[in-house]
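K.L.:
Residue numbers (my numbering): 69 to 768.
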Ligand code: T1G
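1) Hey, how far is the Cα of residue 723 from the Cα of residue 347?
2) Between the segment 681 to 689 and the segment 602 to 618, can you find at least three pairs of beta-carbon atoms closer than 8 Å?
3) Since I believe residue 307 is in contact with residue 290 (beta carbons under 8 Å), could you give me their beta-carbon distance rounded to a whole number of angstroms?
4) Can you tell which of 213, 595, 257 has the C-alpha that lies nearest to the C-alpha of residue 276?
5) Can you have a look at residue 215 and say buried or exposed, based on whether 16 or more other CB atoms are within 10 angstroms of its CB?
6) Hey, out of 138, 590, 87, 397, whose CA is closest to residue 179's CA?
7) Alpha carbons only, please: which of 140, 166, 182, 550 is nearest the one belonging to residue 156?
8) Between the alpha carbons of residue 124 and residue 440, how many angstroms are there, rounded?
9) Tell me, to the nearest whole angstrom, how far the beta carbon of residue 479 is from that of residue 503; I am working on the premise that it is less than 8 Å.
10) Between residue 402 and the rest of its own chain, which residues show a CB-CB distance below 7 Å, the 5 nearest in sequence each way excluded?
11) According to the neighbour-count rule (16 or more other Cβ atoms, all chains shown, within 10 Å of its Cβ), is residue 642 buried or exposed?
12) Measure the beta-carbon distance from residue 700 to residue 548 and round it to whole angstroms, keeping in mind my assumption that it falls under 8 Å.
13) Let me check understanding here. Comparing Cα to Cα, which of 743, 488, 314 lies closest to residue 281?
14) What are the residues that DSSP puts in a beta bridge with residue 369?
15) Do the CB positions of residue 199 and residue 228 come within less than 8 Å of each other?
16) Looking only at its own chain, which residues have a Cβ that is under 7 Å from the Cβ of residue 195, when we skip the five neighbours before and after it?
17) What residue range is occupied by the uninterrupted beta strand (DSSP E) comprising residue 541?
18) State the DSSP-derived secondary structure class of residue 485, mapped to helix, strand or coil.
19) Smallest Cα separation from residue 500: which of 507, 506, 488, 508?
20) Mind listing, in chain order, the continuous alpha helix (DSSP H) runs of no fewer than 4 residues lying wholly within the segment 196 to 228?
21) Expressed to the nearest angstrom, what Euclidean distance is found between the alpha-carbon atoms of residue 108 and residue 101?
22) Apart from the five residues on each side of it in sequence, which residues of its chain come closer than 8 Å, Cβ to Cβ, to residue 498?
23) I'd like to check one pair, residue 452 with residue 461: are the Cβ atoms closer than 8 Å?
24) In whole angstroms, what is the alpha-carbon distance linking residue 69 and residue 79?
25) Exposed or buried, what is residue 540 when buried is set at 16 or more other beta-carbons lying within 10 Å of its beta-carbon?
26) Are the segment 381 to 389 and the segment 558 to 565 touching by the rule of at least three beta carbon pairs closer than 8 Å?
27) Tell me whether the beta-carbon of residue 122 lies closer than 8 Å to the beta-carbon of residue 187.
28) Pick out whichever of 615, 715, 555, 496 has its Cα sitting closest to the Cα of residue 592.
29) Report the residue ranges of all alpha helix (DSSP H) runs contained in full by the segment 423 to 502; include only those spanning at least 4 residues, in chain order.
30) Residues bridged to residue 650 by DSSP?
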């Protein structure tokens with residue numbers, strides 16, 4: 069029978085009904101698919117030609133979980149997964165889940181409702197619900213502790229992590245592993261169960277393992293999770309559901325309790341924010357004016373120019389993806405130390421057990437060093453990561469334009485310079501674009517892909533596809549100072565410096581923003597990034613006449629840079645450092661006070677945390693509206709992805725643009741105008757962006 073999308077195919081083999089989920093691409097448990105599955109199960113229940121039942125996924129996976137798009141309805145339509153599980157558990161024929169690819173969320177709950185589970189050895193399972201601000205709402209918090217115990221249930225459900233089938237088998241969530249044909253093995257398992265004639269094992273009747281120590285186990289697990297995201301609601305609800313499971317309460321009552329907790333979360337702001345980011349990340353890869361089937365250029369061999377911190381991080385990014393890398397550094401000594409630094413990084417990971425010795429050797433076998441540009445001639449992609457100086461980057465790209473193959477892609481890792489100017493220097497601008505990695509490049513997920521005005525469509529499409537392969541979330545930016553993230557960051561840092569000159573302290577500012585949920589306060593962040601880096605960029609921008617006509621503009625960071633307080637690496641920055649520990653330093657307040665006197669800035673001691681947050685966050689968001697209006701970013705969600713994936717914006721608020729929507733655009737506009745009045749705003753720093761005003765009045 070031909071498979072119909074969003075349907076369940078019913079076939080019989082060796083007196084076993086095979087129910088195949090067909091809802092590409094992830095077999096999401098939409099209402100039509102759930103309805104089709106329930107009908108097929110009821111048919112198999114009474115089918116006299118059927119002694120057992122297999123549920124298997126069509127396509128590349130078993131099931132990616134509930135259809136998240138359905139959450140917007142605010143409720144769960146019938147038949148829900150609980151009803152389907154109840155139907156399978158009460159069937160007097162063995163029901164076996166045959167898992168390949170992934171079984172996630174509701175997909176795993178569906179499998180746990182079966183009597184047995186068999187999985188291919190390379191398949192993976194997990195409960196990612198917490199990353200969406202919800203919890204397994206179809207029995208997952210109740211069956212998992214019964215099959216695998218409270219400790220593992222908490223670990224899996226609170227972390228949202230995915231585990232491989234072997235681990236799942238060891239934990240008791242999977243009954244058998246298939247190394248041959250999954251369906252053959254599943255049918256054999258089901259028929260064996262019919263022949264054994266033993267009572268079918270039903271998860272919900274098993275005792276909860278570890279119930280006796282549940283309170284301590286929950287307290288320890290919850291403390292670990294809430295340390296990272298103190299305001300998160302889902303972990304607390306998960307803990308309540310696991311505690312309910314361990315309390316010995318009636319299973320059906322527990323399902324009701326779990327569903328109520330799930331609905332509460334699903335309809336809450338945190339889940340809406342996290343779901344926004346989920347779809348925004350998926351959407352960021354879509355380029356509005358590019359056909360989805362744009363032919364891609366092959367990329368297997370990568371060249372990287374520059375063996376500094378960024379060059380090494382970028383090299384490891386590609387090595388980690390199993391791609392061959394030639395790291396070029398003109399200076400042989402610098403090259404040698406760069407290659408050694410990469411080897412040491414991998415050796416440290418192997419020491420910790422994060423990677424095996426085999427993986428270390430495999431990655432190092434893919435790495436070559438060179439001091440000769442001629443070695444770039446066979447590269448499919450070459451990324452320059454040399455010193456952040458326009459003249460140097462232009463010279464490097466001119467050389468690459470000469471030596472690289474005609475179909476090779478040339479990328480610049482600049483974080484602020486004009487990609488079009490650099491592209492022109494290459495002599496082949498259509499082959500050039502920006503790939504702005506974030507330090508440490510092999511760890512940070514964000515990649516800003518900067519589309520030059522001449523960047524060829526296939527070059528852009530190739531790099532966007534490559535980003536996914538190297539585990540990055542890529543967002544396209546147009547060419548402007550700072551692209552999306554650093555351009556918005558500029559407003560944030562500007563107000564930080566002004567507030568310090570007005571009397572706030574670095575510790576107060578950092579605490580206010582970390583209280584909002586930022587992963588790291590701006591002063592500590594600047595000390596980590598290096599004050600000299602930012603001060604030098606400001607000096608260059610001043611030389612270009614690109615700074616506001618305001619001598620107090622970013623005066624403090626420039627002063628700190630001028631006196632060598634370059635941040636954590638110098639032991640002095642906005643803080644004094646004992647190793648990596650920041651210690652408030654009164655000297656910074658004195659420097660800020662001197663600058664305030666110099667520029668006639670009034671010092672005051674009534675600066676509140678709310679004012680700090682508004683002064684730093686609202687102009688940042690306002691710049692986001694200018695970026696959208698200029699077409700530098702395609703979508704609000706793209707900006708949210710940049711800040712959530714690259715700058716530590718609290719995911720529970722959905723990103724700056726989603727946060728603005730939840731705040732209310734009229735309120736945002738009014739607050740900006742109020743701050744403008746309060747500060748005097750001689751340079752229009754708080755003038756609401758045109759797009760913000762247009763949206764606030766419904767004109768856009
Ligand atoms: N719902 C709706 N759409 C989904 C989806 C889902 N669960 N998963 C993926 N998509 C879309 C995605 O937006 C993209 O759309 C396309 O499918 C391909 O995705 C009841 C309540 C499964 C590992 O959190 O982790 O179950 O961009 O590119 O790389 O208790 O998708 O093409 O238009 O990512 O092969 C829990 C989320 C839900 C899994 C496949 N499940 N998805 O990766 O494909 S809550 C999840 C993923 C739940 C229960 C609770 C991955 C994947 P478009 P893709 P992939």
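In this text, a Cβ means the ideal position worked out from N, Cα and C, and glycines have one as well.
P.N.:
The answer reads as follows:
1) 13 Å
2) no
3) 5 Å
4) 213
5) buried
6) 87
7) 182
8) 54 Å
9) 4 Å
10) 375
11) buried
12) 5 Å
13) 314
14) 392
15) yes
16) 173, 176, 204, 208, 224, 225, 228
17) 541 to 545
18) coil
19) 488
20) 208 to 216, 218 to 227
21) 10 Å
22) 522, 523, 524, 527
23) yes
24) Below a pLDDT of 50, predicted positions are generally treated as unreliable, and residue 69, at 48, falls in that range; no measurement from the model is reported.
25) buried
26) no
27) no
28) 715
29) 425 to 433, 458 to 471, 487 to 494
30) 645
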